[in-house]
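Protein chains in written order, with numbering that gives the first Met the number 0: chain P, 0 to 164; chain C, 0 to 309. By construction, the Cβ of each residue, glycine as well, lies at the ideal position given by its N, Cα and C atoms. Here the structure is a predicted model, which is why all the values come from computation and not from measurement. Take a look at the structure below.
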Amino acid sequence: MRLLVTSLFGIFLTLAAAGLASAAAPPGMVTLDTLSEHFAGVSFDHQLHQDLATCDKCHHHTTGETAEPQCAGCHQGRTTATVACRDCHSTQPFSAAFIREKERDRGRYHIDKPGLKAAYHRNCFNCHEESGGPTGCEDCHAKTPAGTVFYNPGSQSAKPAAGAH
Amino acid sequence: MSGMSRRKFLVTSLAGSAAVTLAPACKAMASGSFEGYPDGMGVLVDLTRCIGCRSCEAACNKEQGLAPPAQSFEDKSVFDQTFHGGQKRRTDENAYTVVNRYDPEGATKPVYRKSQCNHCNEPACLTSCFVNAYTKTREGAVIYNSKVCVGCRNCMIACPFQVPAYSYSSAFNPMIKKCIFCYETRLKNGQPPACVGICPQEALTFGYRDELLKIGRARIKANPDRYVDHIYGESEVGGTAWMYLSSAPFEQVGFDTTMGKEPIINNVKDFLGTVPMVLAIWPALFTGFHLLAKRQEHGTEGDHSNNEES
Ligand code: SF4
Ligand code: SF4
């Protein structure tokens with residue numbers, strides 16, 4: 000877990016392709032690895048998903064048109080400088096600084112914006128669930144050696160014990 | 000503070016005869032220290048977001064250095080386990096949090112529910128403990144000092160959520176074990192607990208308890224069809240730091256909806272006030288000897304709670 004925290008602080012491998020997408024043509028493949036620790040990054044086939052859904056399905060309102068009534072009030076028809084998930088969704092949604100900032104800004108409308116990890120998972124997983132896409136963890140990202148130990152700590156301690164006998 | 004209105008004297012049988020006889024003389028001690036601190040943190044658990052991945056269980060196991068389980072945390076067959084009386088998995092000394100699966104009537108997909116200590120605003124475990132092993136910290140965590148625990152199990156009986164468990168690794172040194180909100184390693188440094196950090200779905204939202212209530216109400220308002228119009232833990236047993244939103248009626252997904260808004264054993268506060276007297280009358284010999292023996296044996300032992308914090 001400490002690793003995760005460290006990675007949240009430290010790793011900021013930005014997705015240049017996604018960042019430029021509002022101005023340029025949509026990317027083909029995008030690597031989503033900002034948060035990778037227990038799982039490797041995701042090779043996201045943007046082109047494939049573009050063929051399956053409209054932009055606002057994932058990009059809410061940032062590409063201009065939105066079907067979300069909650070976004071539409073303020074954002075309808077307005078493109079933004081960035082469409083990258085990580086530019087709005089924090090990698091540390093529960094950091095002390097961020098929580099204090101929210102507490103101070105009492106009039107804030109977006110009091111419940113998910114962090115980057117949840118933004119990815121909820122967008123992808125929920126849609127996959129509804130549309131019959133893959134929903135297994137490793138269908139999208141391979142487990143790292145750290146992840147293997149994390150999810151099966153018994154496998155680690157079992158091995159030396161077996162060797163000792 | 001609104002908490003004050005909750006503090007009505009309520010005699011229940013739980014406190015036992017000693018407390019009932021001694022309580023009236025000691026009512027005055029209920030000096031507002033239990034109704035939850037204004038800066039208390041909490042977690043809002045949204046059952047509609049949980050996918051039952053059990054990552055939170057794995058994160059808890061690692062963070063708290065618990066014994067590795069027999070099965071991997073990816074093993075979903077644990078959701079089919081039932082124990083006596085159809086009881087689903089419960090938290091124990093090796094698992095401070097567990098996720099269970101429920102199939103509520105009419106639901107198109109299963110509902111998963113994470114459980115752990117709810118870190119009550121007015122913890123029954125704390126008020127039932129006559130050696131003051133428990134502390135409600137200003138950050139909202141209910142922690143304990145196992146060095147002073149005498150193993151009487153009052154807290155096990157008192158907790159409305161069946162949370163405190165005992166480690167019987169040593170027959171002479173039973174120790175209470177439960178979720179401490181990652182107090183020592185995280186919460187006191189302003190960080191969310193390990194389970195919150197790992198959750199891929201943000202089914203667990205960490206923040207000031209009063210902010211979480213606002214968020215919870217806003218989610219219900221924005222999606223009235225998705226949620227039952229209730230935040231479990233907002234007022235149950237005097238309010239809890241961990242609260243829940245659900246799409247299914249709470250009683251169908253493992254919640255006890257019969258408990259009132261009053262702290263479960265309000266009168267035990269008075270019981271707590273009588274500690275010196277109760278000690279002299281009832282468990283004095285047992286407790287005294289046990290404490291002495293434990294302090295000599297374990298005086299230098301490391302401990303992950305801190306009773307001085309309050
Ligand atoms: S849930 Fe039980 S153990 Fe946790 S604070 Fe409340 S009474 Fe104590
Ligand atoms: S980590 Fe989150 S989504 Fe996974 S089981 Fe725990 S609460 Fe549910």
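Same chain only: Cβ atoms within 7 angstroms of residue i, ignoring 5 sequence neighbours per side
| i | result |
| --- | --- |
| K116/P | L34 |
| P152/P | none |
| C70/P | H59 and H60 |
| R100/C | G51, F78, P109 and Y111 |
| E137/P | none |
| M174/C | S145, C148, Y165 and S166 |
| C181/C | E62, P192 and A193 |
| L212/C | I230 and E233 |
| C54/P | T62 |
| Q251/C | Y101, P103 and E104 |
| A182/P | No information on residue 182/P is available, as it lies outside the stretch 0 to 164 that chain P covers here. |
| C198/C | S54 and C55 |
| Q161/C | R89 |
| T90/P | L7, T33, L34, G114 and L115 |
Close-in-space but distant-in-sequence residues of the same chain around residue i (CB under 6 angstroms, 5 per side omitted)
| i | result |
| --- | --- |
| E235/C | M258 |
| A217/C | none |
| R53/C | F72 and V98 |
| Y36/C | R137 |
| V130/C | V147 and V149 |
N-terminal and C-terminal residue of the alpha helix (DSSP H) that residue i is part of
| i | result |
| --- | --- |
| R103/P | A95 to R103 |
| G196/C | A193 to I197 |
| N125/P | L115 to S130 |
| Y226/C | Unbroken run through Y226/C: none, as it is neither H nor E. |
| I179/C | Where I179/C is concerned, there is no enclosing alpha helix (DSSP H), given that its DSSP letter is neither H nor E. |
| D138/P | C136 to C139 |
| A52/P | Counting along the chain, A52/P falls outside any alpha helix (DSSP H), and DSSP gives it neither H nor E. |
| S234/C | Premise fails: S234/C is in no alpha helix (DSSP H) and is neither H nor E. |
| I156/C | N153 to A157 |
| L125/C | A123 to S127 |
| N60/C | S54 to E62 |
Beta-carbon proximity list for residue i, same chain, < 8 angstroms, skipping 5 on both sides
| i | result |
| --- | --- |
| K379/C | Only positions 0 to 309 of chain C appear in the structure, and residue 379/C is not among them; the question remains open. |
| Q80/C | K87 and R88 |
| T143/P | S35, E36, H37, F38 and A39 |
| T78/P | S21, T61, T62 and G63 |
| P133/P | H127 and C139 |
| G131/P | none |
| G72/P | none |
| F82/C | R88 and R89 |
Which residues DSSP lists as bridging residue i, in chain order
| i | result |
| --- | --- |
| A217/C | For A217/C, which the question treats as bridged, DSSP gives no partner whatsoever. |
| D44/P | M28/P |
| N99/C | R112/C |
| V141/C | K135/C |
| R77/P | G63/P |
| Q86/C | F82/C |
| K112/P | K112/P pairs with nothing; no bridge assigned. |
| L244/C | D45/C |
| K142/P | F38/P |
| T257/C | Answer is none; T257/C lacks a bridge partner. |
| C119/C | T239/C |
| S91/C | For the sequence presented, residue 91/C should be read as Asp rather than Ser. Partner(s): A94/C. |
Extent of the continuous beta strand (DSSP E) run through residue i
| i | result |
| --- | --- |
| G41/C | M40 to D45 |
| M174/C | M174 to K176 |
| T204/C | L203 to Y207 |
| S166/C | A164 to S166 |
Q: With 8 angstroms as the limit, tell me which residues of the segment 87-115 of chain P have their beta carbon closer than that to any beta carbon of chain C; keep them in chain order.
A: Listed in sequence order: P92, F93, S94, A95, I98, K101, E102, I110, D111, P113 and G114.
Q: Could you please tell me which residues of the segment 215-231 of chain C, in chain order, have their CB closer than 8 angstroms to any CB of chain P?
A: Within the segment 215-231 of chain C, the qualifying residues are A217, R218 and A221.
**Q.** Where the segment 68-102 of chain C meets chain P: residues whose CB sits under 8 angstroms from a CB there
**A.** Interface annotation for the segment 68-102 of chain C against chain P: P68, A69, Q70, S71, F72 and E73, criterion Cβ-Cβ distance under 8 angstroms.
Q: Compile a chain-ordered list of the residues in the segment 62-74 of chain P whose CB is closer than 8 angstroms to at least one CB of chain C.
A: Answer set for the segment 62-74 of chain P: Q69.
Q: Quick one: which residues of the segment 193-210 of chain C get their C-beta closer than 8 angstroms to a C-beta of chain P? List them in chain order.
A: The residues in question are A193, V195, G196, I197, C198, P199, Q200, E201, T204, F205, G206, Y207 and E210.
Q | Under 7 angstroms (Cβ pairs) to chain C, residues found in the segment 31-43 of chain P | A | Hits within the stretch: zero.
Q.
At a CB distance below 7 angstroms, what residues from the segment 119-134 of chain P approach chain C? Give them in sequence order.
A. The residues in question are H120, R121 and F124.
Q: With 7 angstroms as the limit, tell me which residues of the segment 54-67 of chain C have their beta carbon closer than that to any beta carbon of chain P; keep them in chain order.
A: Those residues of the segment 54-67 of chain C that come within reach of chain P (Cβ to Cβ, closer than 7 angstroms) are A57, A58, N60, K61, E62 and P67.
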